[in-house]
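Structure, as structure tokens:
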Amino acid sequence: MAKIRILPDALASQVAAGEVVERPAALVRELVENSLDAGAHHIEVHAQRGGIAMIRIVDDGSGMDREDAMLCLERHATSKIRTKEDLGAIHTFGFRGEALPSIASVSRFRLATREKTALVGTEIEVNGGKLVGVRDHGGAPGTVIEARSLFFNVPARRKFLRTENTEFAHVEQQLRLHAIANPQTAFTLTHNGELVLHLPATRDMLERIRGLVGDELASRLLKVEETTVQGVTVSGYIGGPGMSRSNRQMQTTYLNGRPIESASISYGLREGYHTALMKGQYPVTFLFIQMDPHAFDVNVHPAKKEVRFHDGHSVRDAISRCVSHSLENAAKLPTGHAAARPPPVAARVPLVPDSRQEQFAMPVAASSAPLRNIAPIPASTPAPQPAAPAVSHRVADVLERIAAARSTPALQPQAQETAAAPETQEEEVPEEAPAPTKAELPEYRIIGVLQKLYVLMEGKEGLVLMDQHAAHERVNFEKFRRAIESGGVPCQRLLLPVTLQTTPRDADLLRQNLPSLNRLGIEIEPFGPNIFKVETLPSFLKTDDPAAWLDQVIEELSSLSSKSSSLRLSEDAIATIACRASVKSNDVLSIPEMQALLKDLFACEMPYCCPHGRPTLVQISTSELERKFGRRAPG
Numbered sequence: 025m026a027k028i029r030i031l032p033d034a035l036a037s038q039v040a041a042g043e044v045v046e047r048p049a050a051l052v053r054e055l056v057e058n059s060l061d062a063g064a065h066h067i068e069v070h071a072q073r074g075g076i077a078m079i080r081i082v083d084d085g086s087g088m089d090r091e092d093a094m095l096c097l098e099r100h101a102t103s104k105i106r107t108k109e110d111l112g113a114i115h116t117f118g119f120r121g122e123a124l125p126s127i128a129s130v131s132r133f134r135l136a137t138r139e140k141t142a143l144v145g146t147e148i149e150v151n152g153g154k155l156v157g158v159r160d161h162g163g164a165p166g167t168v169i170e171a172r173s174l175f176f177n178v179p180a181r182r183k184f185l186r187t188e189n190t191e192f193a194h195v196e197q198q199l200r201l202h203a204i205a206n207p208q209t210a211f212t213l214t215h216n217g218e219l220v221l222h223l224p225a226t227r228d229m230l231e232r233i234r235g236l237v238g239d240e241l242a243s244r245l246l247k248v249e250e251t252t253v254q255g256v257t258v259s260g261y262i263g264g265p266g267m268s269r270s271n272r273q274m275q276t277t278y279l280n281g282r283p284i285e286s287a288s289i290s291y292g293l294r295e296g297y298h299t300a301l302m303k304g305q306y307p308v309t310f311l312f313i314q315m316d317p318h319a320f321d322v323n324v325h326p327a328k329k330e331v332r333f334h335d336g337h338s339v340r341d342a343i344s345r346c347v348s349h350s351l352e353n354a355a356k357l358p359t360g361h362a363a364a365r366p367p368p369v370a371a372r373v374p375l376v377p378d379s380r381q382e383q384f385a386m387p388v389a390a391s392s393a394p395l396r397n398i399a400p401i402p403a404s405t406p407a408p409q410p411a412a413p414a415v416s417h418r419v420a421d422v423l424e425r426i427a428a429a430r431s432t433p434a435l436q437p438q439a440q441e442t443a444a445a446p447e448t449q450e451e452e453v454p455e456e457a458p459a460p461t462k463a464e465l466p467e468y469r470i471i472g473v474l475q476k477l478y479v480l481m482e483g484k485e486g487l488v489l490m491d492q493h494a495a496h497e498r499v500n501f502e503k504f505r506r507a508i509e510s511g512g513v514p515c516q517r518l519l520l521p522v523t524l525q526t527t528p529r530d531a532d533l534l535r536q537n538l539p540s541l542n543r544l545g546i547e548i549e550p551f552g553p554n555i556f557k558v559e560t561l562p563s564f565l566k567t568d569d570p571a572a573w574l575d576q577v578i579e580e581l582s583s584l585s586s587k588s589s590s591l592r593l594s595e596d597a598i599a600t601i602a603c604r605a606s607v608k609s610n611d612v613l614s615i616p617e618m619q620a621l622l623k624d625l626f627a628c629e630m631p632y633c634c635p636h637g638r639p640t641l642v643q644i645s646t647s648e649l650e651r652k653f654g655r656r657a658p659g
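Just add 24 to the spot in the sequence shown (first one is 1) and you have our numbering.
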């Protein structure tokens, strides 16, 4: 007797339903996507008991005749594709023809549809995959699909559903995702008869976002101007520096209008935000990506949440460039969104002579040269090759972790040494690395210092607090980065070269990363089979055992499997250097020093956050103070 049998159609549909419709929100996703493919201008979603008891979708789309209405309930019946070539260039949301038969197999299902030109439509009832009846329908043009008692005939699957509130939260989130991508379509959502969302059609994407997240959050978003990089077009809105969440719920990304999740996209966002986002936080994004459908595959996930790119690096790099460019441009504007510039900006006013700015420039290791005027690496130290590629993030991450554990405390301000620095050092900055466009300097009056850390300032809009350590970190970070771009990290030659004997695997890893290590001040070269010689280390590093430190570098590099983008320099390592070289809490600064720090801060490309994403400036508005003291009514 044969052991292998073909499953009955009803059972096969229930198996497929487990992949496509795992909860009410998945049902909403599939049906709303069908409505959008049908050209609907208004879509209503009605739910009862979180969607478990009932989900009803009403649209004014093209509708179907009786023949199509019957065929759409057959497995793998679809109007979206005709040939195998169509599968390689999907332009619609749906294409498999599995959603409707799968839903009908695990619910009490009703479909009512009518074409706009037809006098009468069709109504079909299905109970757990079994056809109950077909009749004429006299409703409005469009389609109504109702699914009651989800998983009533599959109790094993029904018991995995969560509470009504949890399931409805997923339903609402699913509708929000599609509403953001389709502002030209009106959406309505009700739960247990109560109106939850009412979103009129609009041509303005930001207006649709405002209707979903509120005026306050929408007003703090930065626009990503539509930009095409290597065939990848990126546009949308993102949160500015300091605007983040502890989870990815507000990190929404779309590919050709389809909400998706992708490691390449997530990595591109992290890299674009790099120093404007605290670790463990996620950005607020409404990002739209347009690509040739032949360049990706959407048929890799049962729920079509994930895609596979033919060239994920191009997608990642395009997103990173567009996001970082938007953040940098926002920081240069004299006025703008609150996320980009927390304190208001007023007229430019002179603070202190330029020479006073130098008192905050930290020396590099034991060097007496101010950080602002970093020159190329001295002649005694081998200079890196000009054509060396940018340092990879994985090398930077390793150095940050290891250097943080072995570095000595940061140097303190040395105003006297800085003031005596010769002016000719300014000329050593190459012309090809000009200073970036600066944000307009605000008019602040310093009124004191809180806990030897927070500089209190009075502005036209209220009270402004500056974290002196975070501010100086940002100043030093950008100076270090410009130094690396112009010549490389200053390094120190070892009295005796260090030799490292490695395994063949680690030797190959080191050879791959030699250019990156050299630009980070680690001069390392092959010295025999699986043996390397180290001549220099970064000058900021203080360690009594260079060999042990390098062993840690190799160990951590070997634990990282994927290559990182080389678009950006080793900002993690630079941030570590900047942190070590910045003033700390309890460092007492004079008023002129504070003024010079403020002026240097607003000369930065992104003055409103430190390299780790923490804010440098916080404002408490006059109106908020008046409310706190009862001088103004709340609201």
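Cβ atoms here follow ideal geometry from the backbone N, Cα and C, with glycine treated the same way.
DSSP, read as helix, strand or coil, puts residue 492 in helix.
Runs of the beta strand (DSSP E) lying entirely within the stretch 131-176, each at least 3 residues long, are 132-138, 145-151, 154-161 and 166-172 in chain order.
In the three-state reduction of the DSSP assignment, residue 314 falls in the strand class, which pools E and B. With contacts defined as CB atoms closer than 8 Å, residue 90 and residue 122 fail to qualify as a contacting pair. In the three-state DSSP reduction, residue 229 falls in the helix class (H, G or I). With a cut-off of 8 Å on Cβ pairs, the stretch 137-153 is not in contact with the stretch 42-59, counting fewer than three such pairs. Around the C-beta of residue 222, fewer than 16 other C-beta atoms lie within 10 Å, and the residue is accordingly described as exposed.
Shown here for residue 215: same chain residues with a beta carbon closer than 6 Å to its own, the five before and five after excluded, namely 71 and 192 in chain order. The C-beta distance from residue 637 to residue 301 rounds to 4 Å, short enough to fall under 8 Å.
DSSP places residue 469 in the strand class (E or B) of the three-state scheme. Residue 641 and residue 477 have their C-alpha atoms some 12 Å from each other.
Under the three-state reduction of DSSP, residue 633 is assigned to strand. Around residue 225, the same chain offers 65, 66, 207, 208, 209 and 210 as residues with beta carbons nearer than 8 Å, after the five sequence neighbours per side are excluded. A check of alpha carbon separations from residue 251 across 198, 311 and 178 identifies 311 as the nearest.
Counting along the chain, residue 83 sits inside the beta strand (DSSP E) bounded by residues 78-83.
Under the three-state reduction of DSSP, residue 321 is assigned to strand.
By the criterion of a C-beta distance shorter than 8 Å, residue 648 is surrounded in its chain by 486, once the five residues flanking it on both sides are discounted. According to DSSP, residue pairing for residue 181 in a beta bridge does not occur. For residue 555, there is no enclosing alpha helix (DSSP H); the enclosing beta strand (DSSP E) covers residues 555-562. In this structure residue 219 does not touch residue 48 by the C-beta definition: roughly 18 Å separates them, more than the 8 Å allowed. Sorting 342, 294 and 79 by C-alpha distance to the C-alpha of residue 254 places 342 at the top.
By the 16-neighbour rule on beta-carbons within 10 angstroms, residue 144 is exposed. Checking the DSSP bridge columns, you'll see residue 256 partnered with 253. When DSSP states are grouped into helix, strand and coil, residue 248 belongs to the strand group.
With at least 16 other beta carbons inside 10 angstroms of its own, residue 622 counts as buried. In this structure residue 68 is in contact with residue 212, their Cβ atoms being roughly 5 Å apart against a cut-off of 8 Å. Per DSSP, residue 619 is not a residue of any beta strand (DSSP E); the alpha helix (DSSP H) it occupies stretches across 615-625. Its chain contains 307 as the residues whose beta carbon lies nearer than 6 Å to that of residue 297, once the 5 sequence neighbours on both sides are disregarded; these appear in chain order. Residue 170 places its beta carbon less than 8 Å from that of residue 80. Sequence-distant Cβ neighbours of residue 272 in its own chain, meaning closer than 7 Å and more than five residues away, are 306. For residue 192, the uninterrupted alpha helix (DSSP H) run begins and ends at 188-205, by DSSP. Cβ neighbours of residue 336 within its own chain (closer than 7 Å, five residues either side excluded): 288. The alpha carbon of residue 283 has as its nearest neighbour, out of 77, 531 and 201, the alpha carbon of 201. For residue 30, no alpha helix (DSSP H) run applies, since DSSP gives it neither H nor E. The straight-line gap separating the alpha-carbon atoms of residue 530 and residue 492 is approximately 42 Å. In terms of Cβ geometry, residue 547 and residue 556 do not form a close pair [threshold 8 Å].
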